[in-house]
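Its first residue numbered 0, the sequence shown is counted upward by one per residue in numbering that gives the first Met the number 0.
The block underneath contains the structure these notes are about, expressed in structure tokens.
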Amino acid sequence: MEKTILITGGAGFIGSHVIRRFVKNHPNYRIVNLDKLTYAGNLENLKDVEKAENYIFEKGDICDSSFITAMFKKYNFDGVIHLAAESHVDRSISDPMSFITTNIVGTVVLLNAARECWRQNNEGKLFYHVSTDEVYGSLGATGKFVETTSYDPHSPYSASKASSDHLVRAYHDTYGMPVVISNCSNNYGANQFPEKLIPLAINNIKQGHPVPVYGKGENVRDWLFVEDHALAIELIFHKGVVGQTYNIGGENEWKNIDLIYLLCSIMDKKLNRPAKSSEKLITFVKDRAGHDLRYAIDSSKITRELGWSPSVDFEQGLEKTVDWYLANEEWMNAIVSGVYQEYYKTQYQHR
Ligand code: NAD
Ligand code: DAU
Numbered sequence: 000m001e002k003t004i005l006i007t008g009g010a011g012f013i014g015s016h017v018i019r020r021f022v023k024n025h026p027n028y029r030i031v032n033l034d035k036l037t038y039a040g041n042l043e044n045l046k047d048v049e050k051a052e053n054y055i056f057e058k059g060d061i062c063d064s065s066f067i068t069a070m071f072k073k074y075n076f077d078g079v080i081h082l083a084a085e086s087h088v089d090r091s092i093s094d095p096m097s098f099i100t101t102n103i104v105g106t107v108v109l110l111n112a113a114r115e116c117w118r119q120n121n122e123g124k125l126f127y128h129v130s131t132d133e134v135y136g137s138l139g140a141t142g143k144f145v146e147t148t149s150y151d152p153h154s155p156y157s158a159s160k161a162s163s164d165h166l167v168r169a170y171h172d173t174y175g176m177p178v179v180i181s182n183c184s185n186n187y188g189a190n191q192f193p194e195k196l197i198p199l200a201i202n203n204i205k206q207g208h209p210v211p212v213y214g215k216g217e218n219v220r221d222w223l224f225v226e227d228h229a230l231a232i233e234l235i236f237h238k239g240v241v242g243q244t245y246n247i248g249g250e251n252e253w254k255n256i257d258l259i260y261l262l263c264s265i266m267d268k269k270l271n272r273p274a275k276s277s278e279k280l281i282t283f284v285k286d287r288a289g290h291d292l293r294y295a296i297d298s299s300k301i302t303r304e305l306g307w308s309p310s311v312d313f314e315q316g317l318e319k320t321v322d323w324y325l326a327n328e329e330w331m332n333a334i335v336s337g338v339y340q341e342y343y344k345t346q347y348q349h350r
């Protein structure tokens, strides 16, 4: 094997698409997926690659420094792509501490282990930290986030990701750690946990349950198909410049309510329901605390320097996503039949 790469959080939504891409495109790399398998981690997401010769799964916690040190000793990683995180804003509002622990402490545990492992020679090594556009805060009606936009996070989730970004940069500046960071906008696609807006709405529409829209549905997000994100990560891992940050976005801004209308019309079509019947399920509920109004990413740097741009048209991507959830009923049912019910009750009863 030419390289051994540690990918953290590979059993989650984006991580599973990244693992699949690396395992399939790079048979000369040994890919180690390290994941704690929290509620969001699901090895079913990786069924098609689990037997690949260049793929290994290790169950463990990025906050457990002796375990992480042992992993670096065992595999002598050449590169790290760090995706493991607590990722849902609403959960960070009800339980901030687990975000501080995993997103901040966990990232530093990984940085320390990489630093120790690469102490003698860090030539050709790379610590790639996958982050979010939410670190930049909230936009008004105009403007976009660029790589030099000042950080202004508002939720415990985005503050924890901002903190981890700062620590990754600090390890670069202080210890010469070879790092790269990317900040991406909202992803959608197959295998996303149904706490997030799109899979939650698809499942509720299918079941005939209310579709909760926070506030007036006027918040704007910039949506990117998850496979386009995975491609950007592959490019940055290979061609990104050490010490640099790359913004990744979909050039695809949607008000939440408009997105839900579009989703309703796709669902009506796919489920052979009369036009506009799913719209009746839309229910405006209490707004999210500290809800950022608008995110929009300027991804001209990665386009100019690495030749990446989003490739999937949103309506086609959304239709493909709906098709996936409808064809993978068992995947969804296995999730929503368990502790998800408790989460859903607690999360939405007050809204
Ligand atoms: P996810 O919640 O679907 O998956 C997170 C994964 O990390 C899960 O498999 C979980 O088991 C694992 N994990 C959590 N805590 C862990 C720990 N302590 N040790 C080891 N593994 C642990 O998240 P996602 O949506 O796939 O996001 C992945 C990364 O991308 C995150 O860092 C997130 O901040 C970032 N990101 C997400 C989006 C998005 O739209 N989803 C956009 C930009 C950036
Ligand atoms: O921007 C990147 C971020 O996108 C990632 O860093 C996060 O990990 C990811 O969860 C996502 O954050 P959001 O908070 O934007 O995603 P979410 O799907 O939770 O919500 C999208 C929008 O929809 C947001 O404005 C809140 C709203 N919403 C969400 C839910 C779950 C609703 O109106 N109703 C809902 O039930």
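Yeah, the Cβ is synthetic: ideal placement off N, Cα and C, and Gly gets one too.
Relative to the ligand DAU, the nearest heavy atom lies less than 7 angstroms away from the CB of N255. In the three-state reduction of the DSSP assignment, C263 falls in the helix class, which pools H, G and I.
Under the three-state reduction of DSSP, G78 is assigned to strand. Secondary structure note for L109: its alpha helix (DSSP H) is the uninterrupted segment 105 to 116. In the DSSP assignment, Y213 falls within the beta strand (DSSP E) that extends over 210 to 213. In this chain, F144 is not harboured by any beta strand (DSSP E), its DSSP state being neither H nor E. Taken from the Cβ of V17, every heavy atom of the ligand DAU lies 7 angstroms or farther away.
Note on the stretch 131 to 202: whole alpha helix (DSSP H) runs with a minimum of 4 residues are 155 to 174, in chain order.
Residue burial is scored here from C-beta neighbours: N271 has fewer than 16 other C-beta atoms within 10 angstroms and is therefore classed as exposed. Spanning the alpha carbons of T320 and V107 requires a straight line of approximately 35 angstroms. Here I6 is near I80, since their CB atoms are less than 8 angstroms apart. Following the DSSP letters along the chain, one finds E329 inside the alpha helix (DSSP H) bounded by residues 328 to 335. Here E233 is near N24, since their CB atoms are less than 8 angstroms apart.
Under the DSSP assignment, T345 falls in the alpha helix (DSSP H) whose first and last residues are 339 to 348. Looking at the DSSP output, E252 sits in a beta bridge with D221. A direct Cα-Cα distance of roughly 9 angstroms separates S64 from N111.
Cβ-Cβ distances below 6 angstroms link Y127 to I80, V179, F236 in the same chain, with the five nearest sequence neighbours on each side left out; the list follows chain order. Beyond the five residues adjoining it in sequence on each side, H153 comes within less than 7 angstroms, by CB distance, of G136, S137, G289, D291 in the same chain, given in chain order. Around the beta carbon of V240, fewer than 16 other beta carbons lie within 10 angstroms, which makes this residue exposed. A straight line joining the alpha-carbon of K46 with that of G216 spans about 36 angstroms.
One Cα belongs to C62, the other to W330, and the distance between them is close to 28 angstroms. One thing to note: T3 has its Cβ no nearer than 8 angstroms to the Cβ of Y54. The shortest C-alpha to C-alpha distance from A295 to any of V104, C183, E278 is the one to C183. For T302, the enclosing alpha helix (DSSP H) begins and ends at 299 to 305. Not one heavy atom of the ligand DAU is found less than 7 angstroms from the C-beta of E217. CA-CA distance, L36 to S86, rounds to 13 angstroms.
Taking C-alpha positions only, R29 is separated from V167 by approximately 24 angstroms.
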